[in-house]
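Before any comments, here is the structure.
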Amino acid sequence: MLQNVRVAVIGMGKMGVTIAKALVQNQLVPPERVVGTTAHDKSAQRAHTETNVRVTTSNETAVANADIVILAVKPQTMFKLLQLLAPHMRSDQLVISLAAATAISKIENLLKEGTPVIRAMPNLPALVKQGMTVLCPGSHVQEMHIAQASAIFGAFGLVEVIDNEDHMDAVTALAGSGPAYGYIIIESLAEGGVKTGLPRSLATILAAQAMKGAASMVLETGEHPAKLKDMVTTPAGTTVDGIMALEEGSLRVALIKAVDAATAKSKEISKS
Ligand SMILES: NC(=O)c1ccc[n+]([C@@H]2O[C@H](COP(=O)([O-])OP(=O)(O)OC[C@H]3O[C@@H](n4cnc5c(N)ncnc54)[C@H](OP(=O)(O)O)[C@@H]3O)[C@@H](O)[C@H]2O)c1
25 MLQNVRVAVI GMGKMGVTIA KALVQNQLVP PERVVGTTAH DKSAQRAHTE
75 TNVRVTTSNE TAVANADIVI LAVKPQTMFK LLQLLAPHMR SDQLVISLAA
125 ATAISKIENL LKEGTPVIRA MPNLPALVKQ GMTVLCPGSH VQEMHIAQAS
175 AIFGAFGLVE VIDNEDHMDA VTALAGSGPA YGYIIIESLA EGGVKTGLPR
225 SLATILAAQA MKGAASMVLE TGEHPAKLKD MVTTPAGTTV DGIMALEEGS
275 LRVALIKAVD AATAKSKEIS KS
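When we follow my numbering, the leftmost residue of the sequence shown carries the number 25, and every step to the right adds one.
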């Protein structure tokens, strides 16, 4: 599906490099059909070494022959950049924007009438091929474009497609910020292990693998998390005492509030 397309990745930072690497390593697009850009020559050299694709500081040259343009610059850079780039772009190019809290209509308005735009929200575990990306199509997107974007982001994790762009704030708060909450949970569980005498390195591996295993069971069995929790919780066993301590510490409420607060912040940034 992607073998004959040319892809331009504008902004070869953490996400841009991850995407370019995934395209090439998964043999979705041959390296000579991928071009990346950075703001500085030194970063272009670094990104080229990491990905083996051509990386330039000329955005105009990069988009000129591209069929798919992936915008992976910071949201605050995006508008200035698009204003400069728009005259060099065509309405038959699929534009995929990674910019958080940036509405599709704002991007569409800067581009030629009819340009298909997809808003994508990936997350950091994409770096180890365990990403979660949510795609939201704009008004001119066709099935083929969704299939192409799904193939790109599917190269480093799961992909879900939603129609309602209003949900992108909650997606950002849950899937985008979620790994940060996960790291705090893993760090805290490991701290518990250290408190009871485990070496820190062992405690960290145990905590991380327990969370990874729990997550894999939810995804692979499709069971409700509460049912899986009950499978671990033997009557009068150890786990139920641990759960009681979690309930006393209001872990559930804290996590619900975390997603709620981050969603509110994303909405606030989107409006500004
Ligand atoms: N990181 C995440 O976990 C994550 C998750 C979801 C979405 N996102 C979104 O993904 C996008 C990229 O994030 P990131 O974390 O990958 O950022 P990053 O690591 O800071 O990379 C940004 C890249 O953009 C380049 N750049 C800046 N101005 C440019 C210009 N005018 N022309 C071409 N390239 C330019 C920078 O080049 P130099 O290095 O030369 O300055 C850098 O390579 C953001 O919109 C962010 O909201 C990120």
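Built from N, CA and C at the ideal position, the CB exists for glycine as well.
Computed from a predicted structure; not experimentally measured.
Cβ neighbour criterion (16 or more within 10 Å) applied to residue i
i	result
residue 42	buried
residue 45	buried
residue 132	buried
residue 245	exposed
residue 169	buried
residue 226	exposed
residue 237	exposed
residue 161	buried
residue 220	exposed
residue 262	exposed
residue 28	exposed
residue 171	exposed
residue 109	buried
residue 165	buried
residue 276	exposed
residue 24	What the structure shows of the chain is the stretch from 25 to 296, and residue 24 is not part of that stretch, so it cannot be assessed.
residue 234	exposed
residue 258	exposed
residue 208	exposed
residue 255	exposed
residue 243	exposed
residue 115	exposed
residue 83	buried
Sequence-distant residues of the same chain with beta carbon closer than 8 Å to residue i, five excluded per side
i	result
residue 175	25, 26 and 52
residue 88	112
residue 76	48 and 55
residue 269	none
residue 186	158, 159, 160, 192 and 195
Enclosing alpha helix (DSSP H) for residue i [first to last residue]
i	result
residue 87	83-88
residue 228	224-245
residue 47	38-49
residue 363	Missing from the structure shown is residue 363; the chain here goes from 25 to 296 and no further.
residue 297	No information on residue 297 is available, as it lies outside the stretch 25 to 296 that the chain covers here.
residue 69	65-75
residue 294	275-295
residue 251	249-256
Endpoints, beta strand (DSSP E) assigned at residue i
i	result
residue 5	The structure shown does not extend to residue 5, since the chain is modelled only from 25 to 296, so the question has no answer here.
residue 61	58-61
residue 79	78-80
residue 93	92-95
Test: residue i CB closer than 9 Å to a CB of chain B
i	result
residue 282	In the structure shown, chain B cannot be found, because there is only a single protein chain.
6 Å CB neighbourhood of residue i in its chain, flanking five on each side removed
i	result
residue 148	203
residue 48	55
residue 118	92, 140 and 169
residue 182	156
residue 200	145 and 147
residue 59	32, 78 and 86
residue 194	287
residue 35	96 and 97
residue 293	125
Cutoff 7 Å; reference residue i; Cβ partners in own chain excluding five residues on either side
i	result
residue 154	181
residue 278	none
residue 230	217
Considering only heavy atoms of ligand 1, list every residue whose Cβ is less than 6 Å from one of them, following chain order. This selection yields 34, 35, 36, 37, 38, 39, 40, 61, 62, 63, 64, 67, 83, 96, 97, 98, 99, 101, 105, 122, 123, 124, 145, 146, 147, 148 and 200.
Entirely within the region 175-227 and at least 3 residues each: give me those beta strand (DSSP E) ranges in chain order. 181-185, all fully within the region 175-227.
Entirely enclosed alpha helix (DSSP H) segments - the region 100-161, minimum 4 residues: Listed in chain order, they are 128-134.
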